[in-house]
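Taken in order, these protein sequences are the chains called A and B.
Sequential numbering from 3 applies to the first sequence in the numbering used here.
Sequential numbering from 3 applies to the second sequence in the numbering used here.
We treat Cβ as the ideally placed atom computed from N, Cα and C, and that holds for glycine.
Please read these numbers as outputs of a predicted model, since none were measured by experiment.
Here the structure is laid out as structure tokens; the discussion comes afterwards.
Number of protein chains: 2
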Amino acid sequence: MPDSNTRRKGAATIDLVLCAVRRGRLHVLVAKMGGATALPFAWAADGASLEVAAQELARQYTGHAAAWLTAGTPTAGKRHASSCALSVPFIGVTGPTTTPRNDAAWHPLDRLPALAPRQKAMAELVLDSLRLHMDLAPVAFRLLSSAFTLAELQHVYELLLGRRLHKASFRRALHAAYLVAPTDEWRSEGRGRPAQLFQYAPRKRRGGHRSVRFDLLSG
Amino acid sequence: MPDSNTRRKGAATIDLVLCAVRRGRLHVLVAKMGGATALPFAWAADGASLEVAAQELARQYTGHAAAWLTAGTPTAGKRHASSCALSVPFIGVTGPTTTPRNDAAWHPLDRLPALAPRQKAMAELVLDSLRLHMDLAPVAFRLLSSAFTLAELQHVYELLLGRRLHKASFRRALHAAYLVAPTDEWRSEGRGRPAQLFQYAPRKRRGGHRSVRFDLLSG
DNA sequence: TCAATAGTGTCTGTTAGACATTATGGA
DNA sequence: TCCATAATGTCTAACAGACACTATTGA
């Protein structure tokens with residue numbers, strides 16, 4: 003992990019907003035730096051791809067690469083007052099089983115520990131960006147196993163979007179987007195009717211692909 | 003302008019996609035570098051804001067700062083094969099009267115000269131990003147004088163979005179978004195009924211601001 | 001049987017897009 | 001007058017959201 007002893011490898015830093023669904027809530031990985039808390043970050047190595055570096059950062063903290071990861075727009079200003087570096091935010095998602103190393107922990111998104119104002123703003127910005135592009139990126143599917151119920155999928159969407167969705171409308175939108183395909187398997191989860199399992203199977207559609215619209219409200 | 007003789011000021015470059023409306027078409031400023039053509043770029047000075055640097059770049063090329071400008075998401079990889087730099091794309095708009103210096107020229111968006119593949123991809127990406135966020139950023143108004151007709155506004159929207167909009171729907175969306183206010187002036191443009199002049203006057207609205215939706219089609 | 005969850009059918013208010021109509025200038 | 005453009009009203013198909021209903025399991 004980069005600290006004050008680490009040799010400066012480049013002039014840009016990577017800040018990582020790594021998310022995971024744990025116990026039905028969206029969590030963000032936060033590192034403990036001495037007494038303070040901060041988002042995981044790293045100096046970008048000269049010549050290396052930023053995304054590769056961000057994945058390496060995720061691997062250092064959780065032992066696994068992120069299941070999905072993308073860069074955001076660099077915010078104005080530098081990460082630390084002492085540095086002259088440009089900071090590129092990355093947002094990623096990872097499975098709930100990834101246990102972070104000692105100096106980091108998962109925190110519920112709505113109860114994040116104190117972060118530097120710039121980091122907090124950056125995290126919110128990159129999360130908003132994710133939510134705006136959820137209809138284009140298959141993020142939710144990376145947080146589920148290859149076969150999942152539609153209720154599970156909707157739950158992940160709700161956590162990532164930060165709001166409730168409407169069941170019938172969600173399924174209609176899914177159908178219209180040709181994103182999932184039913185399998186012939188069913189899963190019984192305690193009481194209630196068993197749920198059919200689906201797979202992520204985006205199909206190209208004549209006349210242009212149709213993105214999932216989520217103007218949907220509380221259901 | 004940065005060239006091989008310029009002292010390296012930082013480890014990041016800025017690439018500028020500067021747009022202007024000229025003769026009813028969207029143009030992009032392209033620089034001539036020796037025999038080749040390329041997007042204007044600059045090394046980011048250590049410690050300086052990227053946006054300030056991008057505006058300085060626009061001023062160097064056109065004599066004026068961009069009327070609107072924002073950063074995009076850095077693409078993977080470097081700008082030049084020989085450099086190890088990270089490249090941050092900027093997209094901006096400027097007025098049609100800005101004449102570029104000798105080693106640069108406006109080119110219609112649909113007839114851009116040959117660019118390096120990475121630059122071409124970056125330009126398309128940042129333009130797509132602009133189009134996705136047009137409903138949030140008041141870009142179009144920066145390309146018009148303070149008083150404008152709704153036909154002019156619609157035309158700018160169409161050029162920036164790259165598609166035709168529907169007149170009645172456009173005006174309905176504008177009204178719903180509370181973005182413009184009518185003045186008591188009218189402009190007669192040759193033949194036909196004079197058009198009322200409007201001003202950009204975004205009003206906060208109880209219950210959350212409503213963004214302009216443009217699912218509108220050919221009109 | 002009841003409870004709980006999955007899945008689906010139907011209705012309605014909203015609205016994007018199309019179309020028609022009126023208004024108002026210049027030629 | 002005719003034509004061109006501005007501005008507005010109306011209609012319709014599509015659809016988001018709401019609601020209700022059926023289906024299928026376990027307790």
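Does residue i have its Cβ less than 9 Å from a Cβ in chain A?
i         : result
Ala179(B) : no
Ser6(B)   : Only weak support is given to the placement of Ser6(B): the predicted model assigns it a pLDDT of 39, under 50, and the question is left unresolved by the model.
Leu134(B) : yes
Could you give the DSSP three-state label for residue i: helix, strand or coil?
i         : result
Ala31(A)  : In the sequence on display, residue 31(A) carries Leu and not Ala. Leu31(A) falls in the strand class under three-state DSSP.
Tyr202(B) : strand
Leu134(B) : helix
Thr64(A)  : helix
His1(B)   : This structure cannot settle anything about residue 1(B), because the visible part of chain B is limited to 3 through 221.
Arg103(A) : coil
Glu160(B) : helix
Leu219(B) : Because the pLDDT at Leu219(B) is just 33, under 50, the model does not fix this residue reliably, and the point stays unresolved.
Ala46(A)  : coil
Ser171(A) : helix
Arg24(A)  : strand
Glu126(B) : helix
Asp41(A)  : Per the sequence shown, the amino acid found at residue 41(A) is Leu instead of Asp. If DSSP states are grouped into helix, strand and coil, Leu41(A) belongs with coil.
Pro119(B) : helix
Asp155(B) : The question names Asp, yet the displayed sequence has Leu at residue 155(B). Helix.
Arg166(A) : coil
Ala55(A)  : helix
Arg195(B) : coil
Ala183(B) : strand
So that I know if they touch, is there some Cβ in chain B lying closer than 9 Å to that of residue i?
i         : result
Val222(A) : The first residue shown for chain A is 3 and the last is 221, placing residue 222(A) beyond what the model contains.
Leu1(A)   : This structure does not reach residue 1(A), given that chain A is present from 3 up to 221, and the question cannot be answered.
Leu219(A) : Note that Leu219(A) scores a pLDDT of 34, beneath 50, so its modelled location is shaky; the value from the coordinates is reported in the next line. Answer no: the Cβ-Cβ gap between Leu219(A) and chain B never drops below 9 Å.
Should residue i be listed as close to the ligand MN, given that the test is whether its C-beta is under 8 Å from any heavy atom?
i        : result
Val32(B) : Absence of the ligand MN from the depicted structure is noted, as is the absence of any ligand whatsoever, leaving it without description.
In chain A, which residues lie with their C-beta within 8 Å of the C-beta of residue i?
i        : result
Gly97(B) : Within 8 Å Cβ-Cβ: nothing; Gly97(B) doesn't reach chain A, min ~24 Å.
Ala46(B) : Leu88
Can you list, in chain order, the residues of its chain whose CB lies under 6 Å from that of residue i, leaving out five sequence neighbours each side?
i         : result
Pro110(A) : Arg27, His29
Ala123(B) : none
Arg120(A) : none
For residue i, which residues of its own chain have a beta-carbon under 8 Å away from its beta-carbon, when the five flanking residues on both sides are left out?
i         : result
Leu199(B) : Ala149, Phe150, Thr151, Pro184, Thr185, Glu187, Trp188, Arg189
Leu71(A)  : Glu53, Ala56, Gln57, Ala60, Phe92, Ile93, Gly94, Val95
Here's the rule: buried if 16 or more other CB atoms are within 10 angstroms of the residue's CB, otherwise exposed. What is residue i?
i         : result
Ser89(B)  : buried
Glu126(A) : exposed
Val54(A)  : exposed
Gly74(A)  : buried
Thr99(B)  : exposed
Leu134(A) : exposed
Ala153(B) : exposed
Asp17(B)  : buried
Ala106(B) : buried
Thr101(B) : exposed
Pro204(A) : exposed
Pro76(B)  : buried
Pro42(A)  : buried
Ser147(B) : exposed
Name the chain A residues whose beta carbon is nearer than 7 Å to that of residue i?
i        : result
Pro76(B) : Leu52, Ala73, Pro76, Val90
Just to make sure I have the definition right: I need the residues of chain B whose C-beta is within less than 8 Å of the C-beta of residue i. Which are they?
i        : result
Ala67(A) : Near Ala67(A) there are no residues of chain B at all, since even the closest Cβ is about 15 Å away, more than 8 Å.
In chain order, what residues of the same chain lie with their CB nearer than 7 Å to the CB of residue i, ignoring the 5 residues before and after it?
i         : result
Ala118(A) : Ala40
Lys34(A)  : Asp105, Ala106
Ala142(B) : Leu155, Val158, Tyr159, Leu162
Gly65(A)  : Thr100
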